[in-house]
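Peer 1:
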Amino acid sequence: MAELLMPAAEGLYAAIGELVAASEASLQHFDFQGDDPSILLRDFLTELLILFERDQRRLVEVVDAAFVESRLTVKAKTAPVELERSAFHREVKAITYHELSIREGPGGYEATFIVDI
Amino acid sequence: MADNYTGPLERIDSTRWRIPKSYKLGMRVDGVIYADDKLIDAIKGDKSPEQVANVACLPGIVKYSLAMPDIHWGYGFCIGGVAATDPQKGGVISPGGVGYDINCGVRLIRTNIKLTDAKVQMGKLVEEMFNTVPCGVGRGGVVKFSKPELRKLMAEGSRFVVKRGFGWDSDIEATEAHGCISDADPDSLSDRALSRGSDQCGTLGSGNHFMEIQVVERIDDAKAAGAMGLVEGNLTVMIHSGSRGLGYQVCEDALKDLQHTPRKYGIELPDKQLVCAPVDSPEGQSYLGAMRAAANFAWCNRQIMTHLAREAFSNIFGLPAEKLGMTLVYDVAHNIAKMEPYEVDGKTCQLCVHRKGATRAFPPGHPELPERYRGIGQPVLVPGDMGRASYVLTGQPGSMEHTFGSSCHGAGRRMSRGAAIRASRGRSIKKELADRGVIARARGRTGLEEEQPDAYKDVNQVVDVLHAAAISHRVARLRPVGVIKG
Numbered sequence: 002m003a004e005l006l007m008p009a010a011e012g013l014y015a016a017i018g019e020l021v022a023a024s025e026a027s028l029q030h031f032d033f034q035g036d037d038p039s040i041l042l043r044d045f046l047t048e049l050l051i052l053f054e055r056d057q058r059r060l061v062e063v064v065d066a067a068f069v070e071s072r073l074t075v076k077a078k079t080a081p082v083e084l085e086r087s088a089f090h091r092e093v094k095a096i097t098y099h100e101l102s103i104r105e106g107p108g109g110y111e112a113t114f115i116v117d118i
Numbered sequence: 103m104a105d106n107y108t109g110p111l112e113r114i115d116s117t118r119w120r121i122p123k124s125y126k127l128g129m130r131v132d133g134v135i136y137a138d139d140k141l142i143d144a145i146k147g148d149k150s151p152e153q154v155a156n157v158a159c160l161p162g163i164v165k166y167s168l169a170m171p172d173i174h175w176g177y178g179f180c181i182g183g184v185a186a187t188d189p190q191k192g193g194v195i196s197p198g199g200v201g202y203d204i205n206c207g208v209r210l211i212r213t214n215i216k217l218t219d220a221k222v223q224m225g226k227l228v229e230e231m232f233n234t235v236p237c238g239v240g241r242g243g244v245v246k247f248s249k250p251e252l253r254k255l256m257a258e259g260s261r262f263v264v265k266r267g268f269g270w271d272s273d274i275e276a277t278e279a280h281g282c283i284s285d286a287d288p289d290s291l292s293d294r295a296l297s298r299g300s301d302q303c304g305t306l307g308s309g310n311h312f313m314e315i316q317v318v319e320r321i322d323d324a325k326a327a328g329a330m331g332l333v334e335g336n337l338t339v340m341i342h343s344g345s346r347g348l349g350y351q352v353c354e355d356a357l358k359d360l361q362h363t364p365r366k367y368g369i370e371l372p373d374k375q376l377v378c379a380p381v382d383s384p385e386g387q388s389y390l391g392a393m394r395a396a397a398n399f400a401w402c403n404r405q406i407m408t409h410l411a412r413e414a415f416s417n418i419f420g421l422p423a424e425k426l427g428m429t430l431v432y433d434v435a436h437n438i439a440k441m442e443p444y445e446v447d448g449k450t451c452q453l454c455v456h457r458k459g460a461t462r463a464f465p466p467g468h469p470e471l472p473e474r475y476r477g478i479g480q481p482v483l484v485p486g487d488m489g490r491a492s493y494v495l496t497g498q499p500g501s502m503e504h505t506f507g508s509s510c511h512g513a514g515r516r517m518s519r520g521a522a523i524r525a526s527r528g529r530s531i532k533k534e535l536a537d538r539g540v541i542a543r544a545r546g547r548t549g550l551e552e553e554q555p556d557a558y559k560d561v562n563q564v565v566d567v568l569h570a571a572a573i574s575h576r577v578a579r580l581r582p583v584g585v586i587k588g
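Sequence order for the protein chains is A and B.
Going by our numbering, the residue at position 22 of the first sequence is 23; the numbering climbs one at a time, nothing skipped.
Going by our numbering, the residue at position 340 of the second sequence is 442; the numbering climbs one at a time, nothing skipped.
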């Protein structure tokens, strides 16, 4: 699960555009409860979407993450998006539940999520 | 989701196809899709007919699960779907039947300006509109509302912003539901929904949202066009946007809150994206209250943009918007659920009509229509694509008989966004549009590619089906001359 967080975030950001992070990052904690890892991943991505939309910040590094007893905790670095150096393609409305899945593939865990734009 | 539909489609007549309720266990009514022979082949290209069948499984659904000719795959419900449920018979409300962009809709403003008189200024006008109306990712609005102001705005709808100078009193009469659905419950919105909406009222957004300057290219119904003030050769402005982040968050919150509700009420669903609650349940009423609040926000959003568009025109033509004749023709929602009365089995019932990518199309004489449209029917605004055309139609009696007072909402996509971008390689969509006489400005890098004309079905075909089916009649064809995209 932890290994999926950063690639999934990059997938979300790729849908929005090319988001260039400023150098001044700060630590942020995320905490989610639930039994279904794919829904927890969706919840994490939804937090990132709001973080971008409301505060113009993006994830730059997952420092630590744990999925224990129906709880996902993430310690991560986020940084402001440099609006002038970034390119924006489209607005993402939401991360949907459609075809949401996490599975083990030959190269490690893979996740599928579909965004509404 | 791109898989073909291989289930049954039985021809009813030249404009309708049936998915019989025997197709799938749990279907309570037939599915009915409006399409001609050409469109039905395209419609079978994705799983949207399967979604029509799934919606037919919803408790309390009345008569049939419907789809308009612009049907394509959507989240839970197809886009172009219409479903009416009867609360007296356990009928449900489903956020998937409204969509993330609550009260996404279209409005049309007429003008006295002839295209021939404005051609020289068209480039400047498009630029002025582009700079005046906030559009694209992360663009905040020209006015910011505090949380208490937002709650008041959502309770009062369009009137709230008109009172503050963003429009004219006549705009309110020309807006569906007068720009305010009653029984909105702004207090039920999450803090997150309010914060997403605080600086987005009066912003276009991105994706398929747009602002277009158009010319009335052809009049099909002179009487109706006259009532709407549409004159061949004159400019119009069309605005397509919705409830922005606030509405998306209302849907997001509802989908989460309602996850376990079907089980609580013993409702079995073929697709968990159809999560729903009985209309009369606390959960159903809670969603409806929040959805109505978001719908009222959307009307304020389009109202503020109307004001900004008038300002832009006024700046370029050096006359007040009143002198330019920029009255609102109409504003219609195409993602909404509303309680409306219909006759079922000889009795008048209040039904919960879900329109997801479908436009209300009330016929002549309907009491909800403003006086000036009582004799012709409700204006139905159907944006096509940014290279070909859009249409103004009027609702006809057939809509009340067959489609719960509904018509289509657009051309309907025929290409995914990825496919549209791939199809654009080596081309300049902006130049191609310019060659067709359309000046386009877009904030996002891929907006024009994703929304290129080829990405959409031919709106002429879509409109023809509903004209032939006597659901809505053609009034005027509008050709784009200037496009603003997010």
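The beta-carbon is built from N, C-alpha and C at its ideal position, and this holds for glycine as well.
Bear in mind the structure is a predicted one, so any value in this text is a computation, not a measurement.
1. Can you give me the C-alpha to C-alpha distance between A286(B) and L453(B), rounded to a whole angstrom?
2. Is the beta carbon of N417(B) less than 9 Å from the beta carbon of N336(B)?
3. Checking the sheet assignment: what are the DSSP bridge partners for P380(B)?
4. Helix, strand or coil, according to DSSP, for C282(B) in the structure here?
5. D447(B): which of K165(B), C159(B), L111(B) sits nearest, CA to CA?
6. On a CA-only basis, which of H30(A), S27(A), L42(A) is nearest E111(A)? Give me that one, please.
7. Mind pulling the chain B residues with CB within less than 8 Å of E54(A)?
8. Starting from S501(B) and walking both ways along the alpha helix (DSSP H), at which residues does that stretch end?
9. Could you say which of M407(B), Q563(B), G528(B) lies nearest to M231(B) if we only look at CA atoms?
10. For A185(B), which of V318(B), N437(B), E314(B) has the nearest alpha-carbon?
11. Could one say the Cβ of D117(A) lies closer than 9 Å to chain B's Cβ atoms, at least one of them?
12. Just reading off the beta strand (DSSP E) that R113(B) is part of, what are its end residues?
13. With distance defined between alpha-carbon atoms, name the residue in D36(A), V21(A), A10(A) nearest to E48(A).
14. State the DSSP-derived secondary structure class of H342(B), mapped to helix, strand or coil.
15. Would you kindly report the start and end of the unbroken alpha helix (DSSP H) that includes G549(B)?
16. Mind checking which residues open and close the alpha helix (DSSP H) that includes K249(B)?
17. Beta-carbon of G12(A) versus every beta-carbon of chain B: anything under 9 Å?
18. Quick one: is L357(B) near chain A, going by C-beta distance under 9 Å?
19. Within the 9 Å Cβ cut-off, does E424(B) reach chain A?
20. Quick check: G349(B) and A400(B), are their CB atoms within less than 9 Å of each other?
21. Pick out whichever of L390(B), G467(B), A513(B), C451(B) has its Cα sitting closest to the Cα of P485(B).
22. Give the residues from the stretch 73-90 of chain A that approach chain B closer than 8 Å (Cβ to any Cβ), ordered along the chain.
23. If I follow the unbroken alpha helix (DSSP H) through R515(B), where does it start and stop?
24. Interface residues of chain B around G18(A) at Cβ under 8 Å?
25. Could you give the DSSP three-state label for N214(B): helix, strand or coil?
26. In the DSSP assignment, find the alpha helix (DSSP H) that holds R266(B) and state where it starts and stops.
27. Below 8 Å on the Cβ atoms is my guess for R515(B) versus Y558(B); work out the distance and round it to an integer in Å.
28. Tell me the start and end of each unbroken beta strand (DSSP E) in the stretch 366-443 of chain B that is at least 3 residues and wholly inside, in chain order.
29. Tell me which residues of the stretch 89-110 of chain A have at least one Cβ-Cβ distance to chain B shorter than 8 Å, keeping chain order.
30. Cβ closer than 7 Å: which chain B residues qualify as neighbours of Q57(A)?
Peer 2: Straight from the coordinates:
1. Taking the first residue of the second sequence as position 1, residue 286(B) is located at position 184. Taking the first residue of the second sequence as position 1, residue 453(B) is located at position 351. Approximately 18 Å, taken between the alpha carbons.
2. Counted from its first residue, the second sequence places residue 417(B) at position 315. Counted from its first residue, the second sequence places residue 336(B) at position 234. No, they are not a contact pair.
3. Indexing the second sequence from 1 puts residue 380(B) at position 278. Partner(s): V194(B).
4. Indexing the second sequence from 1 puts residue 282(B) at position 180. It is coil, neither helix nor strand.
5. The residue you call residue 447(B) lines up with position 345 of the second sequence. D447(B) has its Cα closest to that of K165(B), out of K165(B), C159(B), L111(B).
6. In the first sequence, the residue the question calls residue 111(A) occupies position 110. The shortest Cα separation from E111(A) among H30(A), S27(A), L42(A) belongs to L42(A).
7. By 1-based counting over the first sequence, the position of residue 54(A) is 53. Per Cβ cutoff of 8 Å: G240, R298, G347.
8. As a first step, residue 501(B) must be located in the second sequence, where it is residue number 399. Residues 499-504.
9. Here residue 231(B) is taken as the residue at index 129 of the second sequence, counted from 1. Taking only the C-alpha atoms, the option nearest M231(B) is M407(B).
10. As a first step, residue 185(B) is located in the second sequence; it is residue number 83 there, counting from the start. Comparing Cα-Cα distances from A185(B) to each of V318(B), N437(B), E314(B), the minimum goes to N437(B).
11. If you number the first sequence from 1, residue 117(A) lands on position 116. At least one chain B Cβ lies under 9 Å of D117(A).
12. Locating residue 113(B) in the second sequence gives position 11, where the first residue counts as 1. Where R113(B) is concerned, the enclosing beta strand (DSSP E) stretches over 112-115.
13. As a working note, residue 48(A) is residue 47 in the first sequence. Selected option, being the one with the closest Cα: A10(A).
14. Counting from 1 along the second sequence, the entry for residue 342(B) is found at position 240. Strand at H342(B).
15. The count along the second sequence starts at 1 and reaches residue 549(B) at position 447. From DSSP, the alpha helix (DSSP H) with G549(B) extends over 549-552.
16. Locating residue 249(B) in the second sequence gives position 147, counting from the first residue. That run of the alpha helix (DSSP H) goes 249-258.
17. Numbered from its first residue, the first sequence carries residue 12(A) at position 11. It does not; no Cβ of chain B falls within 9 Å.
18. As a first step, residue 357(B) is located in the second sequence; it is residue number 255 there, counting from the start. Yes, because at least one Cβ of chain A sits closer than 9 Å to the Cβ of L357(B).
19. Numbered from 1 along the second sequence, position 322 holds the residue referred to as residue 424(B). Output row for E424(B): interface = no.
20. To locate residue 349(B), count along the second sequence from 1; it is residue 247. To locate residue 400(B), count along the second sequence from 1; it is residue 298. In this structure, A400(B) lies closer than 9 Å to G349(B) by Cβ.
21. Against the second sequence, residue 485(B) aligns to sequence position 383. When each option's Cα is compared against that of P485(B), the closest is A513(B).
22. L84, A88, F89, H90
23. As a working note, residue 515(B) is residue 413 in the second sequence. Per DSSP, R515(B) belongs to no alpha helix (DSSP H) and is neither H nor E.
24. Position 17 of the first sequence, counted from the start, is the residue given in the question as residue 18(A). Neighbours of G18(A) on chain B, chain order: V239, G546, R547.
25. Here the question's residue 214(B) lines up with position 112 in the second sequence. Three-state result, N214(B): strand.
26. By one-based count along the second sequence, residue 266(B) stands at place 164. Run containing R266(B): none; DSSP gives neither H nor E here.
27. On the second sequence, residue 515(B) is found 413 positions in, with the first residue counted as 1. On the second sequence, residue 558(B) is found 456 positions in, with the first residue counted as 1. Rounded, the Cβ-Cβ distance is 6 Å, consistent with contact.
28. 430-435
29. F89, H90, R91, E92, K94, A95, T97, Y98, H99, E100
30. As a first step, residue 57(A) must be located in the first sequence, where it is residue number 56. By Cβ distance, chain B contributes G240.
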